[in-house]
Amino acid sequence: MTLTAPILDTPEAAAPRRGSDFAPLLADLKAAGLLERRTAWYARSIGLNLLLLLGSWAAVVWVGDSWWQLALAIPVALFTTRASFVGHDAGHQQIARGARTHRVLSLLHGNLLMGMSCGWWNAKHNKHHANPNHREKDPDVAVGVLVWDADQTGGRTGLMGWLTRNQARLFFPLLLLEGLNLKVNGLMALKDRTPRERRVEGSVLAVHYALYISVLAIAMSPVKALVFVLLTHALLGLHLGMAFAPNHKGMPMPEPGVKWDHLRRQVLTSRNVTGGPVTDWLLGGLNYQIEHHLVPNMPRVNLRRAQPIVRAHCARLGVPYLETSAITSYRQALGHMHRVGAPLRKERAKVSAND
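Residue 189 in UniProt numbering is what sits at position 189 of the sequence shown, and the numbering runs on without skipping anything.
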């Protein structure tokens with residue numbers, strides 16, 4: 001296991017080099033066959049997940065109007081999250097050879113199964129991949145309910161100030177709202193899509209909500225349905241957040257004017273999470289975040305095999321490669337969030353002392 005400090009100060013690693021340090025790595029990955037499509041593997045994975053997801057919903061109907069149905073929110077949320085991982089891979093063109101196939105898979109797994117606009121999410125996610133952890137270009141570190149840099153805390157008072165002061169301890173509770181947040185943001189963003197995209201995505205989303213509401217209305221009472229919806233989306237948001245949060249939070253954020261090449265821009269801002277097949281499954285392969293960011297269209301199943309090649313290449317170049325356990329990754333991310341809120345806590349303490 002390779003461990004380095006979570007906050008890196010490596011000007012020598014970020015210094016410009018002649019030629020491309022990424023090109024030889026890409027050539028090695030291609031030579032190892034790791035960029036080849038794994039369509040059969042995806043077909044099996046997608047088919048199995050669809051069976052399990054549909055089976056979970058069938059169980060909801062079979063159990064009938066009972067509070068025991070709430071237990072089935074767990075597999076429904078779990079396999080819906082699995083569907084979102086496939087939608088993520090389709091957005092990166094990892095699965096098949098044609099763009100149309102990936103478009104259909106994105107609509108199926110994003111809009112139909114998850115009820116979230118795949119077009120909105122892909123556009124947002126591609127901006128993140130282009131400039132990870134860049135305060136001005138990465139939407140994932142833009143100012144929102146949470147902030148990721150001390151420079152973003154200025155002027156946050158009232159509720160926003162309280163959230164910032166306590167954001168580390170509130171992070172996991174807030175993830176319980178992320179499932180609903182993704183759906184709402186996707187729906188709101190439809191107005192910004194082209195008329196054709198709006199018709200296509202809107203139609204598939206309408207089918208999703210019609211089926212979703214119909215099954216709930218048939219299977220359970222209104223009160224149980226409301227609790228089921230809230231519980232399912234809370235578990236969905238928590239699972240997704242726990243898969244994405246370790247990847248970049250607490251990692252270096254490029255300073256204005258600092259230019260890193262592709263390899264350093266992706267490696268220095270990313271963190272891998274160690275573990276075995278269970279970790280790979282639960283985190284959807286996103287625990288190999290460094291490899292994924294370097295070559296986003298590499299099939300998820302190949303990322304584990306790519307890791308030793310990437311790690312050895314970074315070692316030869318002297319580029320820090322951060323790899324840590326899941327618990328340590330959350331500790332580092334939450335520690336960073338706590339430090340970001342420190343100025344507001346100090347300011348609050350001074351006001352309280354003066355009072």
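Glycine included, each C-beta is placed from N, C-alpha and C at the ideal position.
Distance, residue j Cα to residue i Cα
| i | j | result |
| --- | --- | --- |
| residue 26 | residue 240 | 29 angstroms |
| residue 126 | residue 237 | 20 angstroms |
| residue 173 | residue 195 | 37 angstroms |
| residue 443 | residue 187 | Because residue 443 is not part of the residues shown, which for the chain are 1 to 355, the question remains open. |
| residue 62 | residue 159 | 44 angstroms |
| residue 81 | residue 225 | 20 angstroms |
| residue 6 | residue 251 | Here residue 6 scores only 37 on pLDDT, less than 50, and its place in the model is too uncertain to base an answer on. |
| residue 43 | residue 96 | 10 angstroms |
| residue 102 | residue 341 | 41 angstroms |
| residue 343 | residue 161 | 11 angstroms |
| residue 277 | residue 83 | 18 angstroms |
| residue 230 | residue 49 | 22 angstroms |
| residue 345 | residue 152 | 14 angstroms |
Environment of residue i [buried if 16+ CB atoms lie within 10 Å]
| i | result |
| --- | --- |
| residue 106 | buried |
| residue 269 | buried |
| residue 86 | buried |
| residue 284 | buried |
| residue 354 | exposed |
| residue 89 | buried |
| residue 377 | Residue 377 is absent from the structure shown; the chain starts at 1 and stops at 355. |
Contacting residues, own chain, Cβ-Cβ under 8 angstroms from residue i (five flanking each side not counted)
| i | result |
| --- | --- |
| residue 222 | none |
| residue 191 | 198 |
| residue 279 | 273, 287, 326 |
| residue 266 | 132, 290, 293, 294 |
Residue i - containing alpha helix (DSSP H), residue span
| i | result |
| --- | --- |
| residue 354 | 342-354 |
| residue 262 | 262-267 |
| residue 49 | 39-63 |
| residue 107 | Taken as a continuous stretch (DSSP letters only), residue 107 belongs to no alpha helix (DSSP H), as it is neither H nor E. |
| residue 97 | Segment: none, residue 97 is in no alpha helix (DSSP H) and carries neither H nor E. |
| residue 73 | 73-91 |
| residue 120 | 118-130 |
| residue 137 | No alpha helix (DSSP H) contains residue 137, which DSSP labels as neither H nor E. |
Contact set for residue i: own chain, Cβ-Cβ below 7 angstroms, skip 5 residues either direction
| i | result |
| --- | --- |
| residue 41 | 301 |
| residue 307 | 288, 291 |
| residue 56 | 72, 75, 76, 79 |
| residue 112 | 204, 207, 208 |
| residue 34 | 298, 302, 305, 306 |
| residue 136 | none |
| residue 359 | Past the boundaries of the shown model lies residue 359; the chain is included only from 1 to 355, so the question cannot be answered. |
| residue 227 | 70 |
Same chain only: Cβ atoms within 6 angstroms of residue i, ignoring 5 sequence neighbours per side
| i | result |
| --- | --- |
| residue 91 | 106, 122 |
| residue 179 | 233, 236, 237 |
| residue 156 | 164 |
- [ ] Write down every uninterrupted run of the alpha helix (DSSP H) in the region 142-228 whose length is 4 residues or greater and which is fully enclosed by it, in chain order.
- [x] At a cut-off of 4 residues, the continuous stretches assigned as alpha helix (DSSP H) that sit fully inside the region 142-228 are 158-165, 167-175, 178-189, 195-219.
Open item on the list: As an exercise, report each continuous alpha helix (DSSP H) stretch of at least 4 residues that is fully enclosed by the region 271-337, in chain order.
Closed with: For the region 271-337, whole alpha helix (DSSP H) runs of length 4 or above, ordered along the chain, are 277-282, 289-294, 303-317.
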